[in-house]
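*Asks:* If you number the sequence shown the way the numbering used here does, the last residue is 355 and the count never jumps.
The beta carbon of each residue, even a glycine, is placed where N, CA and C say it ideally should be.
These numbers come from a predicted model, not from an experiment.
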Amino acid sequence: MQVKFSKFEKVAGIFTLLAAGAVVMSFITVAVTKGWLESDIPLETILTSGDGVYPGTEVRMSGLKIGSVTDVSFTKSNEILVHFEVAEKFLDRIKKDSRVRAFRPFIIGDKVLELSVGEQENVTPNERLLSVKHLDLVDLFSSQQIGPYLETLGGLVDNMKILLEAFSDRRRSHALIGVFDRLEPLVENMYLMSKEVHKLGRSVNRSDNIGHLVENFSIASGSMNEILPGMVQMIKENPQISGQISGLITNMSSLTESMTLLLPALAEVAPELPKASRRAIEAIDEAVVVLKAMQKSFLLRSASEDVRKEEEMKTLELNKEEVERELATQKESKKANKKKFFDPFAK
Numbered sequence: 009m010q011v012k013f014s015k016f017e018k019v020a021g022i023f024t025l026l027a028a029g030a031v032v033m034s035f036i037t038v039a040v041t042k043g044w045l046e047s048d049i050p051l052e053t054i055l056t057s058g059d060g061v062y063p064g065t066e067v068r069m070s071g072l073k074i075g076s077v078t079d080v081s082f083t084k085s086n087e088i089l090v091h092f093e094v095a096e097k098f099l100d101r102i103k104k105d106s107r108v109r110a111f112r113p114f115i116i117g118d119k120v121l122e123l124s125v126g127e128q129e130n131v132t133p134n135e136r137l138l139s140v141k142h143l144d145l146v147d148l149f150s151s152q153q154i155g156p157y158l159e160t161l162g163g164l165v166d167n168m169k170i171l172l173e174a175f176s177d178r179r180r181s182h183a184l185i186g187v188f189d190r191l192e193p194l195v196e197n198m199y200l201m202s203k204e205v206h207k208l209g210r211s212v213n214r215s216d217n218i219g220h221l222v223e224n225f226s227i228a229s230g231s232m233n234e235i236l237p238g239m240v241q242m243i244k245e246n247p248q249i250s251g252q253i254s255g256l257i258t259n260m261s262s263l264t265e266s267m268t269l270l271l272p273a274l275a276e277v278a279p280e281l282p283k284a285s286r287r288a289i290e291a292i293d294e295a296v297v298v299l300k301a302m303q304k305s306f307l308l309r310s311a312s313e314d315v316r317k318e319e320e321m322k323t324l325e326l327n328k329e330e331v332e333r334e335l336a337t338q339k340e341s342k343k344a345n346k347k348k349f350f351d352p353f354a355k
């Protein structure tokens, strides 16, 4: 049996077919535009916090959506592992040095993953990219971030409370005011002291006295360094010297103790010493006068003349020995000068 369609039925059928074709074309166009027909490349990253990141979170690059998050899980080290996919046409923009940053585009709302454009080699599927920590206002004022600061602030308030309670006492307040009142004269005295110290330092360092002192001290220390090894060697060769030195130190100690006992007595006698010395000089003068008077007597005159002659002979002998000693010293110095002249490298 042949079925015949009326004119209106044919028009309705054509319209239905055209509408269905338009729907299919629209779907294809939207799929191409949205990238539904393109293959996606899986990638992953590690985040410090998974707050605001879940499957379906957008993945952007320079503000353009290029993919979405597919899965969020934990790693063995309890880090947040985020799996996401990006469109294949954007893969050449993602490099090995690209970084992932999770942030909120606005103050409120969900987070998005932002990929930076790299400059190194292209990434491969399932490659892990490094992430960069980002702190926005919501994260900053979250209880997780602000909690430790509030605890610290609470402790500070408690300490301030103790301090205020301590200064609520009038005596402590007056004592603190007294401290501030005494600061000004203290600063003035320190200023004057610094000026005096500056003058003292300038006078001490005049003509580079400190430099000369340090130089002389260096020379003395060098000489001591040269002498000490010889002294140590001498003590090793002659052990009895160390005993003699210890005995000398003991005698010096005894001498100082005796002097400490003698000094008070000398201090008591000291006012009379000038008078006693003058009387002693007068007595010596009188004794000389008496001796001269006795020498003029006929009994002692010849004996005194003999004594004078003996003293003159002794004086001449001593002078002769001194002259001979000086001549010998001059000869030795001349020989040494000649040796240095002919042998300038001789030590």
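Is E135 closer than 8 Å to V55 when the C-beta atoms are compared?
*Replies:* A small correction: the amino acid at residue 55 is Leu; Val does not occupy that position in the sequence shown. It is not a contact, given that the beta carbons lie outside the stated cut-off.
*Asks:* Between V140 and R112, how many whole angstroms is the CB-CB distance? I'm expecting something under 8 Å.
*Replies:* Wrong, their Cβ atoms sit about 15 Å apart, outside the cutoff.
*Asks:* Who are the near neighbours of R105 in its chain, counting only those whose CB is closer than 6 Å to its CB and skipping five residues on each side?
*Replies:* Residue identity differs from the one stated: residue 105 is Asp in this sequence, not Arg. Correct list, in chain order: G126, Q128.
*Asks:* Could you pull the start and end residues of the beta strand (DSSP E) that K73 belongs to?
*Replies:* 72-82 is the extent of the beta strand (DSSP E) around K73.
*Asks:* State buried or exposed for G21, treating a residue as buried only when at least 16 other CB atoms are found within 10 Å of its CB.
*Replies:* Burial call: exposed.
*Asks:* Measuring only the C-alpha atoms, how far is P272 from S285?
*Replies:* Distance between the alpha carbons of P272 and S285: 20 Å.
*Asks:* Comparing alpha-carbon positions, which option in F23, T41, K73, V120 lies nearest G60?
*Replies:* The residue with the shortest Cα to Cα distance from G60 is V120.
*Asks:* Helix, strand or coil, according to DSSP, for N197 in the structure here?
*Replies:* Residue state, collapsed to three classes: helix.
*Asks:* Do S76 and V67 have their beta-carbon atoms positioned less than 8 Å apart in this structure?
*Replies:* Cβ atoms of V67 and S76: closer than 8 Å.
*Asks:* Work out the CA separation of L335 and K343 for me, nearest whole Å.
*Replies:* Their Cα atoms are separated by approximately 13 Å.
*Asks:* From S85 to F114, what distance separates their C-alpha atoms?
*Replies:* Answer to the nearest angstrom: the Cα atoms are 31 Å apart.
*Asks:* Rounded to whole angstroms, how far is the Cβ of A95 from the Cβ of E159, which I believe are closer than 8 Å?
*Replies:* Not quite, the Cβ-Cβ distance comes to about 46 Å (not below 8 Å), so this is no contact.
*Asks:* Helix, strand or coil: which one does DSSP assign to F114?
*Replies:* Three-state result, F114: coil.
*Asks:* Taking the C-alpha atoms as reference points, what is the distance between L164 and K103?
*Replies:* In a straight line, the C-alpha of L164 is about 48 Å away from that of K103.
*Asks:* Is it the case that the Cβ atoms of L89 and I49 are separated by a distance below 8 Å?
*Replies:* For L89 and I49, no; Cβs fall outside 8 Å.
*Asks:* Just reading off the beta strand (DSSP E) that V120 is part of, what are its end residues?
*Replies:* Note, V120: beta strand (DSSP E), 120-123.
*Asks:* Compute the beta-carbon to beta-carbon distance between T53 and L137, rounded to the nearest angstrom, for a pair I have assumed lies under 8 Å.
*Replies:* Correct: roughly 5 Å between the Cβ atoms.
*Asks:* Using three-state DSSP, classify I88 as helix, strand or coil.
*Replies:* Three-state result, I88: strand.
*Asks:* Do T83 and P63 count as a contact pair if the criterion is CB distance below 8 Å?
*Replies:* Not a contact, by the Cβ cut-off of 8 Å.
*Asks:* Identify the residues that DSSP records as bridge partners of V61: which are they?
*Replies:* Looking at the DSSP assignment, V61 forms no beta bridge with any residue, so it has no partner.
*Asks:* Would you list the one or two residues that DSSP bridges to N130?
*Replies:* N130 pairs with K103.
*Asks:* Does S285 come out as helix, strand or coil in the three-state DSSP assignment?
*Replies:* In the structure shown, S285 sits in a helix (DSSP, three-state: H, G or I).
*Asks:* For D177, which three-state DSSP category applies?
*Replies:* Coil, per DSSP.
*Asks:* Skipping 5 residues on each side, what residues in its chain have a beta carbon closer than 6 Å to that of G58?
*Replies:* Excluding positions up to five away in sequence, the list reads V80, I88.
*Asks:* Taking 8 Å as the threshold (C-beta atoms), are I243 and I235 in contact?
*Replies:* It is not a contact, given that the beta carbons lie outside the stated cut-off.
*Asks:* Classify F23 as buried or exposed, calling it buried when 16 or more other Cβ atoms lie within 10 Å of its own Cβ.
*Replies:* Answer is exposed; the Cβ neighbour count stays below 16.
*Asks:* Quick check on the burial criterion: 16 or more other C-beta atoms within 10 angstroms. Buried or exposed for Q338?
*Replies:* Flag for Q338 reads exposed.
*Asks:* Where do the N-terminal and C-terminal ends of the beta strand (DSSP E) with E52 fall, by residue?
*Replies:* Residues 48-55.
*Asks:* Can you tell me whether DSSP reads S14 as helix, strand or coil?
*Replies:* S14 falls in the coil class under three-state DSSP.
*Asks:* Which value, in whole angstroms, describes the spacing of the CA atoms of E17 and S124?
*Replies:* Going by the C-alpha atoms only, they are around 59 Å apart.
*Asks:* Between F306 and E318, what straight-line distance do the alpha-carbon atoms span, to the nearest angstrom?
*Replies:* The pLDDT assigned to F306 is 49, lower than 50, so where the model puts this residue is not dependable; a value taken from the coordinates is nonetheless given after this. Approximately 20 Å between the Cα atoms of the pair.
*Asks:* Is it the case that the Cβ atoms of R101 and E122 are separated by a distance below 8 Å?
*Replies:* No, Cβ-Cβ distance for R101 and E122 is not below 8 Å.
*Asks:* What separation, rounded to the nearest whole angstrom, lies between the Cα atoms of Q241 and H206?
*Replies:* Rounded to the nearest angstrom, the two C-alpha atoms are 47 Å apart.
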